[in-house]
Every structure is written in structure tokens, then in C-alpha cells.
Amino acid sequence: MLERLASPLPSGLTLGLLACMVCAAASGGIAYGFGYRHAEALGAARLSDLKDKHARQASETAEANNVRLQQQVTRANLAEQQMFAVLDRLGTEQQPIQERIPHVTSTYRSEPAAAPEPIPRCVFTVGWLRDYNAALGVPGALAGPVTGSAGPAPWAAPGTDAELLESGVTPADILAHAQDYGRWARSLASQVTGLLTARETGTP
8 MLERLASPLP SGLTLGLLAC MVCAAASGGI AYGFGYRHAE ALGAARLSDL
58 KDKHARQASE TAEANNVRLQ QQVTRANLAE QQMFAVLDRL GTEQQPIQER
108 IPHVTSTYRS EPAAAPEPIP RCVFTVGWLR DYNAALGVPG ALAGPVTGSA
158 GPAPWAAPGT DAELLESGVT PADILAHAQD YGRWARSLAS QVTGLLTARE
208 TGTP
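Reading the sequence shown from the start, the letters are residues 8 to 211 in my numbering.
#1: What separation, rounded to the nearest whole angstrom, lies between the Cα atoms of Asn-84 and Ala-142?
#2: In three-state DSSP terms, what is Pro-146?
#3: Give the secondary structure of Thr-208 by DSSP, where H, G and I count as helix, E and B as strand, and everything else as coil.
#4: Alpha carbon to alpha carbon, what distance is there between Ser-55 and Ala-65?
#5: Quick one: what's Glu-87 bridged to in DSSP?
#6: What does DSSP give as the partner residue(s) for Glu-124 in the beta ladder?
#7: Assign Leu-57 to one of two classes, buried (16 or more other C-beta atoms within 10 Å of its C-beta) or exposed (fewer than that).
#8: Going by other Cβ atoms of all chains shown within 10 Å of its Cβ, with 16 needed for buried, is Val-111 buried or exposed?
#9: Kindly list the residues whose CB is nearer than 6 Å to the CB of Phe-131, restricted to its own chain and excluding five residues on each side of it in sequence; keep chain order.
#10: Return the Cβ separation of Ser-113 and Ile-126 in integer angstroms, given the expectation that the two are a contact with Cβ distance under 8 Å.
#11: Would the segment 180-197 and the segment 70-84 be scored as touching if the rule is three or more Cβ pairs under 8 Å?
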């Protein structure tokens, strides 16, 4: 009996077992190869989809930024047009005032039925002119002469006798200055309003 147990398997059975083992190993290898390639293809497809998604998002973001930029340019152009329109309107409104200055500052009537006569001489002192400029916020008005379009203005230190001297300023000068100052202030207010409006319009 021991001799039977120790004897080798029949050759046919051995070959059959070997064939099964080889087939099993080959099947496992083939299955592994198919599985790896499938996972690799699936990963590549997902990566491609992710790249496409990012590309679409980048394109949409760029397009949205371009639209916002165009809207900002449009609002800025509109604000500029409105500002120039206001400046033109202010110039048109100021022209009649400019033309009336000589008339309303040189003649007057003492009563409705009286004949026109020259306006009495009006004196504005050097101190008045100094403080007028200071009240308007003209830089250096209290420290020394202020230079304007007509040259340095008369100036005197506060509390000195010289501040009571005549400055040479006339009512026509004051009205002309008020006209220029009013046009500047209204123009500035219009620009600020335009900028605020453009900003509020562009705020989401």
C-alpha cells in the first residue's frame, strides 16, 4: 500500500493538472490586463472631462469679465458726455450774466421813477480783499499777496493801517468772480454726481 501512495500520478492526469494551472494563470493575467486598461481609460476620460470643464469655466469667466469691462466703459463714456453737456449748459447760462455785469455795476436808479445815474464809488479795502480770499479757502491768503490772473493782489497783515487802504476791487470784479466760482462749483458738483451715479449703476 505504501508503494501505491509513493508512486507518481498517471502521466495523463499530471498533464491535465498542469494544463488547468496554466489556463488559470493565463486567465488571471488576462483579466488583470483588461482591468488595468479599463481603469486607465476611465481615468483618462475623467481627466479629459475635468480639463474641458475647467476650460469652459475659464472661457465663461473671461467672457463675463469682458462684458463687465464693456459696461464700465459705456458708463464712463456716458458720464463724460453728461459732464461735457453740463459744462456747455453752464457756459450758455453764464453768458447773459457776463454781458450784464458792466450795466448792473455802473449805473443805478435811486428810485423807480428816477433817471439812471452812475453808481457811487464803492470801496473795498485791502483787508476786505485779503479776508474775502481767505474765506474762499485761497491758499496763502492770510500769509501774503495772492497772485491771480491780473497779478498779485494787494495785501496787508491783519491789524495794520495798510489793511484799510483801497484794494482797487470793484463790484464788477466781485460779480465776475462769483460767476466763475459758481460755474466751477456747479461743474464740480455735476462731476461728483456723475461719478456716484456711474458707481451705483455698476454695483451689482
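In this text, a Cβ means the ideal position worked out from N, Cα and C, and glycines have one as well.
Quick look at the numbers:
#1: 36 Å
#2: coil
#3: helix
#4: About 15 Å.
#5: Looking at the DSSP output, Glu-87 shares a beta bridge with no other residue.
#6: Tyr-115
#7: The C-beta of Leu-57 has fewer than 16 other C-beta atoms within 10 Å across all chains shown, which makes the residue exposed.
#8: exposed
#9: Only Ser-174 and Val-176 meet the Cβ criterion.
#10: Here Ser-113 really is in contact with Ile-126; their C-beta atoms are around 6 Å apart, less than 8 Å.
#11: no
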